[in-house]
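Following: one structure in structure tokens, then a few remarks.
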Amino acid sequence: MTFVFSGLAKAGNTSNIIKAAVTPAFIAQFPGVNGLGISLARLDLAPGGVIPFHTHPGASEVLLVLHGSITAGFISSANSVYLKTLKKGQIMVFPQGLLHFQVNAGGKRAIGIVGFSSPSPGLQIEAFAVFGNNLTSALVEKTTFLDHAQVKKLKGILGGTG
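Per the UniProt record's numbering, the very first residue in the sequence shown carries number 1; after that it's consecutive.
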């Protein structure tokens with residue numbers, strides 16, 4: 001087992017639909033965190049980049065902005081919104097299991113380090129969970145209050161069928 005990990009030194013590839021990259025240092029990549037109840041990841045956001053609404057069912061998260069500015073927020077279980085544009089050196093916490101997001105708030109690359117309270121925090125991105133599968137469009141329309149054209153468009157973008 002190794003207690004040193006160098007994988008966060010290199011910028012992630014942001015040439016994708018969300019213009020963002022998350023480079024994990026979870027138990028699978030960094031066995032040294034096994035049994036410690038912690039892990040890290042590097043967050044790279046190109047201009048216009050976004051980490052869409054998502055949850056970590058297995059961990060709370062803390063975000064430290066290293067470069068640029070990031071608008072981050074979460075929605076509490078009481079539907080209260082907590083939102084802040086963070087600058088270099090500022091941090092924000094995201095309670096376990098709550099929907100949260102990060103958006104590049106500036107015109108240049110933004111970089112952050114995220115810490116988790118688990119070596120395996122888990123991840124579910126809401127848009128991919130709803131539209132990137134084979135759940136029928138009729139059920140998605142009924143449960144999201146979106147019309148057929150919107151659902152088909154999102155399923156097409158995110159790889160869903162049905």
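Glycine is no exception: its CB is placed at the ideal position from the N, C-alpha and C atoms.
Sheet register partners of residue i (DSSP bridge)
| i | result |
| --- | --- |
| His67 | Ile111 |
| His56 | Its beta-bridge partners do not exist; DSSP assigns none. |
| Asn104 | Ile70 |
| Lys84 | Ala72 |
Cutoff 8 angstroms; reference residue i; Cβ partners in own chain excluding five residues on either side
| i | result |
| --- | --- |
| Thr151 | According to the sequence displayed, residue 151 carries Val and not Thr. Same-chain partners within the cutoff: Phe131, Ser137, Val140, Glu141 and Thr144. |
| Ser77 | Leu98 |
Beta-carbon proximity list for residue i, same chain, < 7 angstroms, skipping 5 on both sides
| i | result |
| --- | --- |
| Ala105 | Ser69, Ile70, Thr71 and Thr85 |
| Val81 | Gly73 and Ile75 |
| Gly107 | Pro47 |
| Pro52 | Ile18, Phe101, Ile125, Glu126 and Ala127 |
| Leu123 | His54 and His56 |
Minimum C-alpha distance to residue i - residue among the options
| i | options | result |
| --- | --- | --- |
| Ile38 | Leu99, Phe101, Leu135 and Phe3 | Phe3 |
| Pro95 | Val103, Ser117, Ile113 and Arg109 | Ser117 |
| Gly32 | Gly162, Lys155 and Ser120 | Ser120 |
| Ser15 | Lys155, Ala129, Arg109 and Leu64 | Arg109 |
| His67 | Gly122, Gly7 and Ile111 | Ile111 |
Presumed contact (8 angstroms Cβ cut-off) between residue i and residue j, rounded CB distance
| i | j | result |
| --- | --- | --- |
| Gly49 | Lys19 | 4 angstroms |
| Glu61 | Val114 | 6 angstroms |
Residues near residue i in its chain [Cβ-Cβ closer than 6 angstroms; skip 5 each side]
| i | result |
| --- | --- |
| Ala11 | Asp44 |
| Phe30 | Phe5 |
| Thr161 | Asn134 |
| Leu83 | Gly73 |
Test: residue i CB closer than 8 angstroms to a CB of chain D
| i | result |
| --- | --- |
| Val103 | Annotation note: the requested chain D is absent from the structure, which comprises a single protein chain. |
Item to check | Segment contact flag, the region 13-30 with the region 75-93, C-beta cutoff 8 angstroms, min 3 pairs | outcome: With the rule of 3 Cβ pairs closer than 8 angstroms, the region 13-30 does not count as touching the region 75-93.
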